[in-house]
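Visitor: Mind having a look at this structure? Questions to follow.
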Amino acid sequence: MNKPIKALNARSATGKISNEAFLNRVMFLVLIVLFALASIFIDKYFSTATALNLIANNWYIVILGIGVTFLLVSGHLDMSVGGIVGMAGVLSAYFTQPANEGFSELGQGLGLPYGVAILLTLLVCLFIGMLNALFIAKMRVASIIVTLGTMSIARGIGQVAALGAQRSAGLPDLFGVIGNVPLFGPIKIAAAIAAILVVIALFIEKKTSFGRRTYLIGANREAARLSGVKVELHIGLLYMLSALLAGITGILLASEMKAGISTRGAGFEFNALVVTLLGGASIDGGVGSVLGMVIGALILGVVSSAAYGLLLRPEWQFILKAVVTFLAIIAQRYLLDRRNK
Amino acid sequence: TAPAATTEEAPAAEAAATDAPAAEAAAPAEKTTEGMKIAYFVSTMANEFHQARAAAAIQYAKDKYGAEVVIMDGKSDDNTMINNVDMLATSDFDAAVLHVWQPDAVAPLVMNAIDSGVAMMTFFSPLADTGIPVFRSDEAGGSFAMGASAAEQWVAANPDKPIVTVQLGWPDHTEVKSGRTDPFVAGIESVVGAGNYTNLGCIDSKGSADATKEAMANILITNPDVNIIYSEAGDLTPGCMAALVDAGRGTMDNGVPTTEIVVSVDCPVSELKAIFDPSSSLKMSLGLPPIQTSEKIIDIIVGVYLGEIAQVSTPAEELFGEVYPVDFYKLQLSEVIAWYNQQFGTSLVEADILG
Amino acid sequence: MSSNCTPASLRAQKAKRIVKEIYVYIILLAVVTVLSLLKGDLFQRGNFLFPPNIANLLRMSAPILMISSAFTLIFITGNIDLSVGSTLSLTTVVHAILVLNGFPFALSLVIVVALGVLLGSVNGFLVMKLRITPVIATLITMNAYQGLARYLVPPGISSITTTDTLKMPEWMGHFSKDQVFMGLSWAFIVAIVLLIALVILQKRTLFGKYLVAVGGNRTAAELSGINVVKVVWGVYILLGAISALAGVARASYLLIGEPYTGVGAETEAIIACLLGGTVFTGGEGSVVKSFVGAIIIVCLTFGLKSVIPEYWQLLAKGAVLVFAVVLNHLLSKEAIAA
Amino acid sequence: METNVLQIKGLVKDFPGVRAVNDVCFDIKRNVVHCLVGENGAGKSTLIKILTGACERTCGSILLNGEEYCARSPKDARDKGISTLFQELNVVDQLTVEENLTLGIEDTTFGFLHKTDKIKKIIDVLKDLEPSINPKERVGRLSVAKKQIIEIAKAVASETEIIIMDEPTAALSESEIERLFTIVKRLREKGVTVIYISHRLDEIFTLGDYVTVMRDGMHVATKPIAEVKDRTELVHLMIGRTVIESYVPKEEQSDEVLLTCKDVCNHKLKNVSFNVKRGEIVGFYGLIGAGKTELARAIYGADSYSGEIVLKGEKLKGTPEKAIKAGIALVPEERRTQGLFTLLTIKHNISAMNLKKISKLGLLNSSQERATAKNYIEQLNIKTDSMDKETSKLSGGNQQKVVFSKCLFANADLLILDEPTRGIDVGAKAEIYAIVRELVANGKTIMFFSSELPEILHSCDRIFLLYEGEIKAELQNGKDIDSQDIIHIVTGGAAS
Ligand SMILES: Nc1ncnc2c1ncn2[C@@H]1O[C@H](COP(=O)(O)OP(=O)(O)OP(=O)(O)O)[C@@H](O)[C@H]1O
Ligand SMILES: Nc1ncnc2c1ncn2[C@@H]1O[C@H](COP(=O)(O)OP(=O)(O)OP(=O)(O)O)[C@@H](O)[C@H]1O
Ligand SMILES: [Mg+2]
Ligand SMILES: [Mg+2]
């Protein structure tokens, strides 16, 4: 099928920086320029508060983006993350809600301690990840098809568990803590968790055999298998990792609003994919980086907040995201093309 | 606020009216409500008020009339709602209570269903063309009262900071506009007077907590001085509050507004907690009584079914239900709990709310 | 593989091939049987097979039937189009706007189908000319078209509908609602005609053969002088046009222009095609079976409506998709081994 | 009429970074078999692709029958009189034989297909080539060789003035090759010009009238075959140096059995049993489809099998990663799709099979990785200016050396080489043979799978002959080797 031009991830022959580092720098520049433009055209946009808000409001997409980046590098898509976010939120609430006296069916849960509820929720998320792993890694069905299915399954479980609504009644105060611990200014603990995860992911990506195997699989799955990489297991692990990260996101988001809402996370899968693509990853595998994804997330954040500031019409968001992704893909390809000539 | 049927629409309604008895004549002479089947439309079950309303309808219809209520969830989706109405004509239902967002689109289908002997009424949105009975809650009155109360509190605490208000919800929905958005702003205006406040308008938050959070966060970037916020549904409010907390706001100094006052709708238990927590900036919510609402609706539809209430009339018969604005500044917790327990069938005590 | 020639394994393979040919019909039969045994309130006297009920069901599902059968073609070429749902939404809205502003049906139909051609060719352009991977390219347009559809609806209302100054004409619903033949609507009849046309296209024309060639072995097709770009682009355009036709049908059914109406249509089309045994890697697929697959989905969606709560629907849909994937996998094992 | 059917003048083709065809000038006479030879990457296929319109030239001119010629697509080329049999298999599995034969040349009215005599004629050509193929059969169910034959039939049936064949015999059996030769000769009699590309130099001598040698995108020489003295001269022209000294099989063997296969069966293999001793080079020879690749992959654990494969006394568990752990490495048949990570750098390729060795607790040590890469680049003489160059930018031979490095770094005792010299030029081949010998000298054991008999005879101590998934004979290289016998056995005759 169509192969877009692919980038490399090391210093190139002539001693120039690698394509990946090059793209990251370009996208960082784009971020600065966009922020500057937004500051010129939007009153009160240029402020520390805005910058902090960008971080405070986009941490969830960064966490999801980590899993999606790894998968994209290995040549796979994950459209189920948004569904898992919704499901995890509802389940964590359901498991925690008191077991006996409920105000209504929606107030009645399993009455488990919060810690146990989190573990159990993450287990269910892992189960969805395993479904993905089974069908994609083992049966080799196209990842877009499988994950569209598991997206429905995950969100479906969330809807059934929340009876199509949300679970907020009777939740203990503890439920609302981890999503709301303030660090400084608007930055909450969730953002710090995202930052820590990013650092870990960067390390894994570049410095460990696990990360390397991900690139090997993305670059050539069959060669990787014949080189002794347990390809199916590895892809399976990546899907479970992605599901786990989505689960963590869902739990944090539920805690933040102190409610398990079954519609939460709708469209997050697209956002996660967009930021990863903005970061220079290619869907054909072998290329991409977590650092690029983080820059991509910030770009998307600037674009959507600027759109609100300018127009106050949310339908622009759809169009803008589409246009920005399109431009990013085309521009990155053009730049790499010229550079590698 | 009742939209009266215009004269040019009257002939259509009359035509329908003449059809209706014909259909009834075909049915068995004397009707009983025993075993009667009612399709009970709900625009979305993703809302606690609607869920409670649905549960109450099932219970009440069974206990009082021996009738069976089946919930038709519209899933916030026009296509689903319209499909559901379309299927009524060939269905096994004896009666249907509609709750749809596109009254114009379903009007012809409603006539079909009436022709095939299904008794019809509508909740929330009038189906003006059809002339079928409509039941609405008096949301406008409640919204107006809350707007006024919020404005009073803000002006008292922060006389130097002019009011900047924003509404989060559905800018494009006729009933939301006439029942919530506009009266709320009018309430504010009634306190401070025209021209003495800024209205950023109603921002579309696409009916989800996520979208509300995103919208609110972005509003705070460009309009950090916003101070009276009307979050127009219970399932949006968590998103609104999360964005405020993210921005280091969302709090109050022992009931005295410092950053903003947030007003909500539906008043689920979780909101009740926040409203009576003096350190949260969520201070009011428009309580709608689910049991009372449903009981009235079931009584009306049974009336229509038995022919006691006219199926169609010009203008359509419009009935109003009460609302209950829960207001930290105006009501005692004990009163609210009593109302809540009565309306939601719960057994809350003050300790549940105060933690 | 030539070595597997024992009579037993041959017989097993033949049996498998037969199962592969007919299973979609068996599933349909099973679904209908089960549904007619269940007593659902939505069915007259609880009978699913009550003809007006069936006619009703087919009337409202014409759009998804059209899209599913056409979707097969894009799968055959080994590509995918996630933007069909958004195309449906956008064209629904545009049709409603045109009709509201006094355009006659035929003119509006032509304009909207032309719009569909345009939207489809944008997809084709991104995929074939700019060589953006189909999933990404159509995910981009999926969002862009959805955004446009939303944008065309003026602020303050949620869909294109009768206003104070303009009234939706009374004929708006004719195409999808009038019962012209055995309770079926024009839209459904068009869907059937379309199905027949697509079958002929697939089986009897050069284009149909080239679809298989392109999906089966793209380089071979290129080297045989087939203009692969044109063929795939053509399928995207065809799919765009048919989605637009579906958009007209949907607008006519809803009597409004609803910008969210196509959400999830791509998933339904994918499920339908997979149930119909289409091979998503390209080269194989049957328009008729996808159509039957779509009917299965429609039956399940509406048939289960009053049997299980609405909020089970999504889970059920996901489960059916996974079921279809497994079925496809099991039945195509022979193809992989050969 | 011109004697030259085709005149190529100053033809240039640039790819980003590579000049694949560089100022090539030569003429092709009418009604001859004109062979084209050259190392891998010499630019043969690119030249062909320009001729057939599969890619555009950068500059230069081509005259067909004295008139300027430029094809926009393969179909256009065919219409103008040049049809082509491309290097890669180009059939559509999902279509029938008949549909494949007419692909791109169908008769239609208003876009609808209908049958004409043309189909019958093409099928006649096919029947002539291989009577056993049923035109209604789905191509996906046919063997690789039969697929190739379908393509040949299609090219032959097109009855153009010029037919180009780019390595047509790569997948054919001896008997099929013979039939092809007959057809090529018949075509020549009919006045067709055949441009024939092959790496098998014997075929050039058997079939060709003229030969053109290319090197590094440039034209080196064009001569009548009669004027070429022997293979050596041709090889000399191709690479500019002489190669391949003969191998003298080892006299004595170690007694230590390294690998034992007992009754190995799978979809292709039938009760394969043999053993390999430490320090040997064991050759496996058979025609395409004999099951060599399947055997290699089964031992490596890449394919499933029943039966027992024992390495150093321990039963192998049947996955590549376990095989590597046990001390086996495979140089796979298809370099680009199975051996190499073309997107990644040389460095990252070399370390891929043994990440453990350059890491501790899963943490990579990049200086160790660089040292490793440097070592192998020097040891195997990989021509590159940096170890950070992506392998897609290397030539075929150097790519194969990277694959070798990768396997060597896996530190295996037993190396399985499946067609290690397929598609690489003579010079690189010689280097590969040298590497193989050095490995054995260093105590490694080699299993050498090849469908080129000379190569097997040049390199191996012991030879197993495969036919239809079975081992038909075992030979000691050096003694009792009779090529006639071997061919007899691998084509299905009884062992003598
Ligand atoms: N699409 C392409 N992009 C970049 N370089 C290319 C491309 N196609 C071929 N090349 C380069 O052009 C040169 C000539 O390749 P070509 O395929 O013509 O060689 P060949 O003589 O046919 O080799 P072989 O014997 O392996 O078939 C090689 O260096 C190759 O890497
Ligand atoms: N169904 C198939 N589709 C495509 N290629 C196939 C198929 N089956 C086998 N092949 C390929 O055909 C070739 C012949 O297979 P096999 O392993 O049996 O013979 P071999 O003796 O190893 O031949 P080779 O000289 O090609 O290695 C191999 O390259 C194999 O990968
Ligand atoms: Mg070549
Ligand atoms: Mg082989």
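Chains as they are written, first to last, in the working numbering: chain A, 49 to 389; chain B, 20 to 374; chain C, 25 to 362; chain D, 32 to 527.
Backbone N, C-alpha and C fix where the C-beta goes; we use that ideal spot for every residue, glycine too.
1) Look up VAL242 (chain D) in the DSSP assignment and give the residues it is bridged to.
2) Taking a Cβ distance cut-off of 9 Å, strictly less, list which residues of the region 114–130 of chain D are near chain C, in chain order.
3) Within 10 Å of its beta-carbon, does PHE46 (chain D) have 16 or more other beta-carbons around it, so buried, or fewer, so exposed?
4) Who does LYS308 (chain D) pair with in a DSSP beta bridge?
5) Hey, out of D:LEU318, D:ILE355, D:LEU289, whose CA is closest to ILE517 (chain D)'s CA?
6) Can you tell me whether PHE118 (chain A) is helix, strand or coil according to DSSP?
7) Would you call the region 121–128 of chain B in contact with the region 306–326 of chain B, where contact means no fewer than 3 C-beta pairs closer than 8 Å?
8) Using a Cβ-Cβ cutoff of less than 7 Å, which residues in the same chain neighbour PHE347 (chain C) once the five nearest sequence positions on both sides are dropped?
9) Residues of the region 171–200 of chain B with a CB closer than 9 Å to any CB of chain C: list them in chain order, please.
10) Can you check whether the C-beta of ARG386 (chain A) is within less than 7 Å of a C-beta belonging to chain C?
11) Please name the residue, chosen from D:ASP233, D:ALA443, D:TYR241, that lies closest to ARG262 (chain D) on a Cα-to-Cα basis.
12) Using CA coordinates, which residue listed in D:LYS299, D:GLY427, D:ASN429, D:CYS101 is at the minimum distance from LEU42 (chain D)?
13) Give every residue of the same chain whose Cβ lies closer than 6 Å to the Cβ of PRO297 (chain B), excluding the five residues on either side of it in the sequence, and list them in chain order.
14) Check distances from the C-beta atoms of the region 255–269 of chain A to those of chain D and list, in chain order, the residues that come in under 9 Å.
15) What does the alpha-carbon distance come out to for the pair LEU245 (chain A) and LYS378 (chain D)?
16) Only counting the same chain, and skipping five residues up and downstream in sequence, which positions put a Cβ closer than 6 Å to that of GLY248 (chain D)?
17) Taking Cβ positions only, does PRO451 (chain D) come closer than 7 Å to chain C?
18) With CYS221 (chain B) as the anchor, note down where its beta strand (DSSP E) starts and where it stops.
19) Check distances from the C-beta atoms of the region 204–217 of chain A to those of chain C and list, in chain order, the residues that come in under 7 Å.
20) Roughly how many angstroms lie between the CA atoms of ASN241 (chain C) and ASN121 (chain D), to the nearest whole one?
21) Starting from the beta carbon of LEU230 (chain C), find every residue of chain D whose beta carbon is closer than 8 Å, and list them in chain order.
22) Between which two residues does the beta strand (DSSP E) carrying LEU85 (chain A) extend?
23) For the region 158–192 of chain A, enumerate the residues whose C-beta is nearer than 8 Å to any C-beta of chain C, in chain order.
24) Between the alpha carbons of LEU374 (chain D) and ASN251 (chain C), how many angstroms are there, rounded?
25) Could you check whether the Cβ of ALA211 (chain C) sits closer than 7 Å to any Cβ belonging to chain D?
26) Considering Cα atoms alone, identify which of A:PHE251, A:ALA291, A:GLN156, A:SER66 is closest to ARG203 (chain A).
27) Check the Cβ of THR291 (chain D) against every Cβ in chain A and list those closer than 8 Å, keeping chain order.
28) At what residues does the beta strand (DSSP E) containing ILE377 (chain A) begin and finish?
29) Give every residue of the same chain whose Cβ lies closer than 7 Å to the Cβ of SER366 (chain B), excluding the five residues on either side of it in the sequence, and list them in chain order.
30) In chain G, which residues lie with their C-beta within 7 Å of the C-beta of ILE101 (chain B)?
31) Using a Cβ-Cβ cutoff of less than 6 Å, which residues in the same chain neighbour LEU506 (chain D) once the five nearest sequence positions on both sides are dropped?
32) Could you list which residues in chain B have their beta carbon closer than 7 Å to that of SER183 (chain C), in chain order?
33) Count the other CB atoms within 10 Å of the CB of HIS282 (chain A); is the residue buried (16 or more) or exposed (fewer)?
34) Look up LEU203 (chain D) in the DSSP assignment and say whether it is helix, strand or coil.
35) Quick one: is TRP195 (chain C) buried, meaning 16 or more other Cβ sit within 10 Å of its Cβ, or exposed?
36) Closer than 8 Å by C-beta to ASP419 (chain D): which residues in its own chain qualify, once you throw out the five before and the five after it? Chain order, please.
Guide: Concretely, from the data shown:
1) Position 211 of the fourth sequence holds residue 242 (chain D). Partner(s): D:CYS66, D:LYS254.
2) Taking 9 Å as the Cβ-Cβ cut-off against chain C, the residues of the region 114–130 of chain D that qualify are THR115, PHE117, GLU119, LEU120, ASN121, VAL122, VAL123, ASP124, GLN125, LEU126, GLU130.
3) In the fourth sequence, the residue the question calls residue 46 (chain D) occupies position 15. Result: exposed.
4) Reading the fourth sequence from its first residue, position 277 is the one you call residue 308 (chain D). DSSP output for LYS308 (chain D) lists D:VAL288 as bridge partner(s).
5) As a first step, residue 517 (chain D) is located in the fourth sequence; it is residue number 486 there, counting from the start. Minimum Cα-Cα distance from ILE517 (chain D) among the listed residues D:LEU318, D:ILE355, D:LEU289 corresponds to D:LEU318.
6) For the purposes of this step, residue 118 (chain A) is identified with residue 70 of the first sequence, where counting begins at 1. Helix at PHE118 (chain A).
7) No, they do not touch.
8) For the purposes of this step, residue 347 (chain C) is identified with residue 323 of the third sequence, where counting begins at 1. Result list for PHE347 (chain C): empty, nothing under 7 Å.
9) Within the region 171–200 of chain B, the residues whose Cβ lies closer than 9 Å to some Cβ of chain C are TRP189, PRO190, ASP191, HIS192, THR193, LYS196, listed in chain order.
10) As a working mapping, residue 386 (chain A) is identified with position 338 in the first sequence. ARG386 (chain A) does not count as touching chain C.
11) Along the fourth sequence, read from residue 1 onward, the residue named residue 262 (chain D) stands at position 231. Answer by Cα proximity: D:ASP233.
12) Walking along the fourth sequence from the start, residue 42 (chain D) turns up at place 11. Sorting D:LYS299, D:GLY427, D:ASN429, D:CYS101 by C-alpha distance to the C-alpha of LEU42 (chain D) places D:CYS101 at the top.
13) Working through the second sequence from its first residue, we reach residue 297 (chain B) at position 278. Sequence-distant partners of PRO297 (chain B) (beyond 5 residues in either direction) whose C-beta falls short of 6 Å from its own C-beta, in its chain, are ASN273, GLY274.
14) Taken in chain order, the members of the region 255–269 of chain A whose beta-carbon sits within less than 9 Å of a beta-carbon on chain D are LYS255, THR256, SER257, PHE258, GLY259, ARG260, ARG261, TYR263, LEU264, GLY266, ALA267, ASN268.
15) Looking up residue 245 (chain A) in the first sequence gives position 197. Looking up residue 378 (chain D) in the fourth sequence gives position 347. CA-to-CA, the gap between LEU245 (chain A) and LYS378 (chain D) works out to about 28 Å.
16) By one-based count along the fourth sequence, residue 248 (chain D) stands at place 217. Same-chain partners within the cutoff: ARG50, ALA51, VAL52, ASN53, GLY74.
17) For this step, residue 451 (chain D) is matched to residue 420 along the fourth sequence. Chain C, which has no Cβ nearer than 7 Å to the Cβ of PRO451 (chain D), makes this no.
18) For the purposes of this step, residue 221 (chain B) is taken as the residue at position 202 of the second sequence. For CYS221 (chain B), the uninterrupted beta strand (DSSP E) run begins and ends at 216–223, by DSSP.
19) Cβ contacts with chain C: GLY204, ILE205, GLN207, VAL208, LEU211, GLY212.
20) Against the third sequence, residue 241 (chain C) aligns to sequence position 217. Against the fourth sequence, residue 121 (chain D) aligns to sequence position 90. So the alpha carbons of these two residues sit roughly 7 Å apart.
21) For the purposes of this step, residue 230 (chain C) is taken as residue 206 along the third sequence, with counting starting at 1. Those within 8 Å of LEU230 (chain C) in chain D are GLU137, THR139, GLY142, PHE143, LEU144.
22) As a working note, residue 85 (chain A) is residue 37 in the first sequence. Where LEU85 (chain A) is concerned, there is no enclosing beta strand (DSSP E), although the alpha helix (DSSP H) it sits in stretches over 67–89.
23) Answer set for the region 158–192 of chain A: LEU179, PHE183, MET187, VAL189, ALA190, ILE192.
24) Locating residue 374 (chain D) in the fourth sequence gives position 343, counting from the first residue. Locating residue 251 (chain C) in the third sequence gives position 227, counting from the first residue. So the alpha carbons of these two residues sit roughly 29 Å apart.
25) For this step, residue 211 (chain C) is matched to residue 187 along the third sequence. No - not a single Cβ of chain D is within 7 Å of the one on ALA211 (chain C).
26) Position 155 of the first sequence, counted from the start, is the residue given in the question as residue 203 (chain A). Closest in alpha carbon position to ARG203 (chain A), among A:PHE251, A:ALA291, A:GLN156, A:SER66, is A:ALA291.
27) Along the fourth sequence, one-based indexing puts residue 291 (chain D) at 260. What THR291 (chain D) touches in chain A: nothing, since even the nearest Cβ is about 22 Å away.
28) In the first sequence, residue 377 (chain A) corresponds to position 329, counting from 1. No beta strand (DSSP E) contains ILE377 (chain A), which is instead part of the alpha helix (DSSP H) from 363–387.
29) Working through the second sequence from its first residue, we reach residue 366 (chain B) at position 347. Here the set comprises ASN360.
30) Here chain G cannot be found, since the structure's protein chains are A, B, C and D.
31) As a first step, residue 506 (chain D) must be located in the fourth sequence, where it is residue number 475. Once the five neighbours on either side are set aside, the close Cβ partners of LEU506 (chain D) are ILE494.
32) One-based indexing of the third sequence puts residue 183 (chain C) at position 159. In chain order: ASP97, GLN121.
33) Start at 1 with the first residue of the first sequence, and residue 282 (chain A) comes out as number 234. Looking at its Cβ environment, which holds 16 or more other Cβ atoms inside 10 Å, HIS282 (chain A) is buried.
34) Reading the fourth sequence from its first residue, position 172 is the one you call residue 203 (chain D). Coil at LEU203 (chain D), not helix or strand.
35) By one-based count along the third sequence, residue 195 (chain C) stands at place 171. Burial call: exposed.
36) Residue 419 (chain D) sits at position 388 when you count from the first residue of the fourth sequence. Answer for ASP419 (chain D): THR376, ILE377, LYS378, listed in chain order.
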